[in-house]
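Residue numbers for the sequence shown follow the working numbering, so the first one is 1 and each next one is one higher.
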Amino acid sequence: MAWKLIDLFCGAGGMSLGFTDARFCGGFESVLAVDNDAAALETHKLNFGGGAVCGNIETWLETADVPQADVVIGGPPCQGFSLLNKKRKGDARRALWEPFLDVAVRSGARVFIMENVAELYRSPELEEIRARAARDGFRTEAAILNAADYGAPQTRRRTIVIGWKLGVWQPEFPPLKTHAEKNTDSNLPPWRTVRDAIADLPPPKKLEIGGPAPLDLHIRRSPTAKSLARYRAVPPGGNRFDLQRNAREITPDCWIRKTSGGTDLFGRLWWDRPSVTIRTEFYKPEKGRYLHPVQHRPITHREAARLMGFPDDFRFCGTKVEIARQIGNAVPPPLAGALGRLVADMLAPVAQSA
Numbered sequence: 001m002a003w004k005l006i007d008l009f010c011g012a013g014g015m016s017l018g019f020t021d022a023r024f025c026g027g028f029e030s031v032l033a034v035d036n037d038a039a040a041l042e043t044h045k046l047n048f049g050g051g052a053v054c055g056n057i058e059t060w061l062e063t064a065d066v067p068q069a070d071v072v073i074g075g076p077p078c079q080g081f082s083l084l085n086k087k088r089k090g091d092a093r094r095a096l097w098e099p100f101l102d103v104a105v106r107s108g109a110r111v112f113i114m115e116n117v118a119e120l121y122r123s124p125e126l127e128e129i130r131a132r133a134a135r136d137g138f139r140t141e142a143a144i145l146n147a148a149d150y151g152a153p154q155t156r157r158r159t160i161v162i163g164w165k166l167g168v169w170q171p172e173f174p175p176l177k178t179h180a181e182k183n184t185d186s187n188l189p190p191w192r193t194v195r196d197a198i199a200d201l202p203p204p205k206k207l208e209i210g211g212p213a214p215l216d217l218h219i220r221r222s223p224t225a226k227s228l229a230r231y232r233a234v235p236p237g238g239n240r241f242d243l244q245r246n247a248r249e250i251t252p253d254c255w256i257r258k259t260s261g262g263t264d265l266f267g268r269l270w271w272d273r274p275s276v277t278i279r280t281e282f283y284k285p286e287k288g289r290y291l292h293p294v295q296h297r298p299i300t301h302r303e304a305a306r307l308m309g310f311p312d313d314f315r316f317c318g319t320k321v322e323i324a325r326q327i328g329n330a331v332p333p334p335l336a337g338a339l340g341r342l343v344a345d346m347l348a349p350v351a352q353s354a
């Protein structure tokens, strides 16, 4: 018996993969995916099948015949909570958890999993979400989870809200960790590292100008001479401050004037640590610590997908920019798998009584 799954704001389907693929969890079947990103939805359809709706979720709900499901999962857009948007107090995207809960009710779901940025955990909106869920008959718990604790080679901290109805087991939440930071007092395997995830890959291929993104996604750009010189000026583990010290003449003036601030910009990933959070513009090293540990280039799309926890046989649709957005916005499948296993245990009494 496969539990029926609805994925809202599904993106490429990182969370769906964690629930449906036996390498992570398995036992769930996608019956509906909803997103307003057409390329991401094509990726989801290609990998999971099932029903799919591309468009505004609120408009769709006005006339939708919501299918029955056991579980509703998804991540309402998080930009309103993000530290990158501190002043956007009125951001309408904060409220998209409301149609998420509408679908949970109309589908008859017994469990929901809502994922969002870590900042949600201490926001007033979390209390609003839990109060609304209680009115709908769901008990809830929330926690900030680190994807590295569940086997993803990336330190990505996210708020997870779980809701369940009477008749399912109360979860032992958060789920038990499968990995632990190295040198801590734990018998668990150490966090997976950048080396674990990408060291076996050969040097990337050069992308043909104007050609489509190849299926393997392990492709490199053609940097200018100045960009290449900048990459070479950053030592292992270094960042933009090393660029200023080693090659001041080719350092952007704005960085020279800014003598403090983030240490990840124009930084190299470390071989023996998990990666930093992979965002949607990982192919631009000026956006974060996205230089390869030793090669003089930004990480490739394939490397970013692996650092998120996607297996190589997961297929992406779209342009390079669209695929990068899908990767950076995804829920790491290993984290989703841990949540899927938890939900499967919660639903076990339902299966036994059926």
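Don't be surprised by glycine CBs; every beta carbon is placed ideally from N, CA and C.
Where does the unbroken alpha helix (DSSP H) through residue i begin, and where does it stop?
i: Ile144; result: It is not in any alpha helix (DSSP H) - Ile144 instead sits in the beta strand (DSSP E) that spans 139-146.
i: Ser30; result: Ser30 -> not in any alpha helix (DSSP H); beta strand (DSSP E) instead, spanning 28-35.
i: Cys254; result: 253-257
i: Ile57; result: 57-63
i: Arg135; result: 124-135
i: Gly18; result: 14-20
i: Val441; result: This structure does not reach residue 441, given that the chain is present from 1 up to 354, and the question cannot be answered.
i: Asp242; result: 240-246
i: Glu303; result: 301-308
i: Thr319; result: Segment: none, Thr319 is in no alpha helix (DSSP H) and carries neither H nor E.
i: Ala152; result: Where Ala152 is concerned, there is no enclosing alpha helix (DSSP H), given that its DSSP letter is neither H nor E.
Quick check on the DSSP output: the beta strand (DSSP E) that includes residue i runs from which residue to which?
i: Ala52; result: 51-54
i: Ile6; result: 3-8
i: Arg158; result: 157-164
i: Ile113; result: 111-117
i: Ile73; result: 71-74
Consult DSSP for residue i and reduce its assignment to one of helix, strand or coil.
i: Gly340; result: helix
i: Arg230; result: helix
i: Arg325; result: helix
i: Arg180; result: Looking at the sequence shown, residue 180 is not Arg but Ala. Looking at Ala180 - three-state DSSP - the assignment turns out to be strand.
i: Lys206; result: strand
i: Arg268; result: strand
i: Arg195; result: helix
i: Asn85; result: Low local confidence applies: a pLDDT of 49 at Asn85 is under 50, so the model's placement there is unreliable, with the coordinate-based value given in what follows. Helix at Asn85.
i: Ile278; result: coil
i: Leu217; result: coil
i: Pro349; result: helix
i: Pro334; result: helix
i: Pro298; result: strand
i: Leu41; result: helix
i: Pro190; result: strand
i: Leu201; result: coil
i: Gly11; result: coil
By the 10 Å Cβ neighbour count, where 16 or more other Cβ atoms means buried, how is residue i classified, buried or exposed?
i: Gly337; result: buried
i: Val66; result: buried
i: Val321; result: exposed
i: Cys254; result: exposed
i: Ile198; result: buried
i: Met1; result: exposed
i: Asn329; result: buried
i: Pro189; result: exposed
i: Pro99; result: buried
i: Ser355; result: Beyond the ends of the chain as shown, which are 1 and 354, falls residue 355; an answer cannot be given.
i: Lys86; result: Unreliable placement is indicated for Lys86, whose pLDDT of 48 sits below 50; the coordinate value is still reported in the next sentence. It counts as exposed.
i: Glu303; result: buried
i: Ala109; result: buried
i: Asn183; result: exposed
i: Asp7; result: buried
Chain D beta carbons: is any one of them nearer than 8 Å to that of residue i?
i: Phe100; result: No chain D appears in the structure shown, which is made up of a single protein chain.
Which whole-angstrom value describes the C-beta separation of residue i and residue j, a residue pair presumed to lie in contact below a C-beta threshold of 8 Å?
i: Ile113; j: Leu217; result: Not confirmed; about 28 Å, so no contact.
i: Gln154; j: Ala147; result: 6 Å
i: Gly50; j: Gly340; result: Not a contact, Cβ separation roughly 16 Å.
i: Ile160; j: Leu145; result: 5 Å
Handout entry: Three CB pairs or more closer than 8 Å across the segment 133-151 and the segment 65-79
Key = Touching, no, given that fewer than three Cβ pairs across the two stretches are closer than 8 Å.
Exercise for the section: Take every Cβ of the segment 256-273, pair it with every Cβ of the segment 234-241, and state whether three or more of those distances are shorter than 8 Å. Expected result: In this structure the segment 256-273 touches the segment 234-241; the number of beta carbon pairs closer than 8 Å is three or more.
Practice task
Evaluate the contact criterion for the segment 118-128 versus the segment 163-178: three or more CB pairs, one atom per stretch, below 8 Å.
Solution key: The segment 118-128, when compared against the segment 163-178, does not touch it at the 8 Å Cβ threshold.
Problem - Cβ contact check for the segment 310-317 and the segment 273-293: 3 or more pairs under 8 Å - result: These segments do not touch.
Problem - At least three beta-carbon pairs within less than 8 Å, the segment 291-298 to the segment 274-281 - result: Note that the segment 291-298 does not touch the segment 274-281; fewer than 3 beta-carbon pairs, one per stretch, sit closer than 8 Å.
Handout entry: Touching by the beta-carbon criterion (3+ pairs, under 8 Å), the segment 244-252 and the segment 223-232
Key = Counting Cβ pairs under 8 Å, three or more are found: they touch.
Exercise for the section: Could you tell me whether the segment 8-21 touches the segment 34-49, using the rule of 3 or more Cβ pairs below 8 Å? Expected result: Flag = yes, the segment 8-21 and the segment 34-49 touch.
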